[in-house]
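Worksheet: the structure to be examined is printed underneath.
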Amino acid sequence: MQANILTKLKQLSVNNLLPHAILLSDPDAAITADLCQQFAQYLLCIAKIKVDNTLAACGQCKSCILFAAGTHLDFLSIAPSESGTTHTIKIEAVREVVNFVSIQAQFSTYKVVVITGVQYLNTHAVNALLKTLEEPPPRTILLLTTINHNLLLPTFLSRCTVFALKSQDYGHNALVQHLELDLQELLVKKTTQVIAIAAKWSKYKAIEVADGLWLILYGMVRDLSIGKSVNLLAPGQHFSVLWPILEQVTKIKELLCAGRPVNIQLCLEALLIDWRNKANVG
Ligand SMILES: [Zn+2]
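In our numbering, the protein residues as written are 223 to 504.
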């Protein structure tokens with residue numbers, strides 16, 4: 223699938239049909255980041271070669287050498303910054319992008335900007351990026367990645383061409399629906415207890431529970447940020463109150479992916495207690 227998308231993008235660029243804002247969406251952030259690197263190098267290469275009947279970056283021209291050294295003047299890569307346990311792409315980083323695209327390309331045909339993890343753009347950063355996203359200078363390509371494009375704001379999404387590597391229609395994910403129903407019982411109807419839910423969830427596959435919770439939380443962040451109400455949180459709460467819960471979920475995912483031992487029931491209990499406190503405020 224990864225190779226297919228790369229081939230498709232290359233074809234679009236050969237035919238001069240490349241969209242200027244390309245959003246690569248896949249739950250595996252490493253895959254989309256890798257695709258961006260490959261395609262950016264390809265776009266910037268000034269001596270493309272034919273491999274198996276398709277064009278590829280040569281790996282030897284000045285552009286490829288500078289790209290490999292991380293010093294290419296026509297390439298900018300932005301990733302979320304970490305402060306403590308929180309990830310965010312701040313407005314300063316977006317300003318850097320806006321400045322970068324305003325300068326003419328130095329020696330490649332294109333200027334390429336990669337922004338990984340656009341779900342971490344804060345509201346100010348999204349607003350600052352919208353104009354560039356809609357109408358970047360000619361020969362400027364923005365390569366963006368996200369773990370799930372369904373979680374992005376419509377204003378942002380409508381300005382990108384989405385390439386989803388896998389189907390991500392989480393609304394039809396049965397486990398996510400189960401988790402949501404349980405959260406309703408716990409946080410809204412208050413007909414069950416944290417311990418009972420944690421015990422039930424710890425019988426599911428831990429990584430799937432973590433992924434499901436992550437999607438639910440991000441869906442809430444998205445809804446709150448466009449003024450929609452959500453019922454799994456006390457009224458009037460800002461979506462930023464969900465960051466600590468999201469960080470707990472991310473931590474669990476990281477531990478599981480690293481093969482570390484995780485007491486999933488205890489982790490889920492802590493997370494649910496935190497969430498319940500936020501749902502009961504006021
Ligand atoms: Zn090259």
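Where is the CB? At the ideal position from N, CA and C, for every residue including glycine.
It should be emphasised that the depicted structure is a prediction, and the values quoted were computed from it without experimental measurement.
Practice prompt. Tell me, please, whether the stretch 332-339 touches the stretch 362-378 by the rule of three or more beta-carbon pairs shorter than 8 Å.
Written response: yes
Worksheet item: So V484 packs on L478, CB below 8 Å; how close in whole Å?
Response: Yes, they are in contact, since the Cβ atoms of V484 and L478 sit about 6 Å apart, within 8 Å.
Worksheet entry | Separation of E356 from L408, as counted between CA atoms | 42 Å
Practice prompt. Could you say which of A327, V320 and L257 lies nearest to K353 if we only look at CA atoms?
Written response: With distances taken between CA atoms, K353 lies nearest to V320 out of A327, V320 and L257.
Worksheet item: Should S285 be counted as a contact of ligand 1 given a C-beta to heavy atom distance under 7 Å?
Response: yes
Discussion item. For N499 and T414, I'd like the C-alpha separation in whole angstroms.
Written reply: 15 Å
Discussion item. Below 8 Å on the Cβ atoms is my contact criterion, and I expect Q263 with F289 to pass it. Report the Cβ-Cβ distance as a whole number of Å.
Written reply: Yes, Q263 and F289 are in contact; Cβ-Cβ is about 5 Å, under 8 Å.
Worksheet entry | Rounded C-alpha distance that separates Y440 from L454 | 12 Å
Worksheet item: Taking just the CA atoms, how far does T308 sit from W465?
Response: 7 Å
Worksheet item: Per the contact definition of three or more C-beta pairs closer than 8 Å, is the stretch 372-386 in contact with the stretch 244-258?
Response: The stretch 244-258 makes contact with the stretch 372-386: 3 or more CB pairs, one atom from each, lie closer than 8 Å.
Fill in: L432 and K475 closer than 8 Å at C-beta
The residue you asked about is not Leu; residue 432 is Ala in the sequence shown. Cβ distance < 8 Å, so A432 and K475 count as in contact.
Worksheet item: Taking contact to mean at least 3 C-beta pairs separated by less than 8 Å, is the stretch 230-240 in contact with the stretch 297-317?
Response: no
Worksheet item: What's the call for Y392, buried or exposed, on a 16-neighbour Cβ count within 10 Å?
Response: Note that Y392 scores a pLDDT of 47, beneath 50, so its modelled location is shaky; the value from the coordinates is reported in the next line. Buried: at least 16 other Cβ atoms inside 10 Å.
Worksheet entry | Spatial distance of L488 from R482 (CA atoms) | 15 Å
Fill in: L490 versus S462 - alpha carbon distance
20 Å
Item to complete: Give a yes or no on whether the C-beta atoms belonging to Q341 and L379 are separated by under 8 Å.
Response: The criterion of a C-beta distance shorter than 8 Å is not satisfied by Q341 and L379.
Practice prompt. Helix, strand or coil for L365, going by three-state DSSP, please let me know.
Written response: strand
Fill in: Uninterrupted beta strand (DSSP E) stretches inside the stretch 411-467 (no shorter than 3 residues)
none
Worksheet item: Beta-carbon separation of T293 and V323 under 8 Å?
Response: no
Discussion item. Below 8 Å on the Cβ atoms is my contact criterion, and I expect I467 with W497 to pass it. Report the Cβ-Cβ distance as a whole number of Å.
Written reply: 5 Å
Worksheet item: What residue ranges within the stretch 332-377 form continuous beta strand (DSSP E) runs of no fewer than 3 residues, ordered along the chain?
Response: Counting whole runs of 3 or more residues, the stretch 332-377 contains the beta strand (DSSP E) stretches 333-337 and 362-368.
Worksheet entry | Check whether I287 and S330 have beta carbons under 8 Å apart | no
Fill in: Alpha-carbon to alpha-carbon, A456 and V503
6 Å
Discussion item. For a test of your reading of the model: does the CB of I268 fall under 7 Å from any non-hydrogen atom of ligand 1? Yes or no.
Written reply: yes
Discussion item. Quick check: is any heavy atom of ligand 1 less than 7 Å from the C-beta of Q282?
Written reply: yes
Item to complete: Could you spell out where the beta strand (DSSP E) holding E318 opens and where it closes?
Response: Here E318 belongs to no beta strand (DSSP E); instead the alpha helix (DSSP H) covers I313 to S324.
Practice prompt. May I ask whether a heavy atom of ligand 1 can be found less than 7 Å away from the beta carbon of A291?
Written response: No; taking the cut-off as 7 Å, the Cβ of A291 has no heavy atom of ligand 1 nearer than that.
Discussion item. Is A279 a contact residue of ligand 1, with contact defined as CB to any heavy atom under 7 Å?
Written reply: yes
Worksheet item: Does the distance from the C-beta atom of N370 to that of L437 stay below 8 Å?
Response: yes
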